[in-house]
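The numbering used here applies: residue 878 is where the sequence shown begins, and numbers increase by one. Just so you know, even glycine gets a beta-carbon here, dropped at the ideal spot from N, CA and C. Remember, it's a predicted structure, so these values are computed and weren't measured experimentally.
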Amino acid sequence: MVTLVIQLGVVKKLNEWYSFNGQKLGREIFSVNEYTASHQNIFEALKTLTRESIQFYN
Numbered sequence: 878m879v880t881l882v883i884q885l886g887v888v889k890k891l892n893e894w895y896s897f898n899g900q901k902l903g904r905e906i907f908s909v910n911e912y913t914a915s916h917q918n919i920f921e922a923l924k925t926l927t928r929e930s931i932q933f934y935n
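Right, dumping it as structure tokens:
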């Protein structure tokens, strides 16, 4: 999912940091994955925005 949110522009890379809504998530994709795994609210927000971006709804 992390790669997809980066490709969709939901998560942005600024300099060497990946960030979402001004919140630094990590310097590497693996760090972003670990961060979202331990912060469920961020994960859910990214999931919602990704679904909206690709127009996927349950």
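query	result
Whose C-beta lies closer than 8 Å to the C-beta of Leu902 among residues of the same chain, with five residues either side of it excluded?	Val888, Trp894, Tyr895, Ser896, Ser908, Val909, Tyr912, Thr913 and Ile919
Report yes if the CB atom of Ile906 is closer than 8 Å to the CB atom of Val879, and no otherwise.	yes
With a Cβ-Cβ cutoff of 8 Å, do Leu885 and Thr925 count as a contact?	no
Going by DSSP in three states, Leu923 sits in which element: helix, strand or coil?	helix
List the residues that DSSP assigns as beta-bridge partners of Phe977.	The first residue shown for the chain is 878 and the last is 935, placing residue 977 beyond what the model contains.
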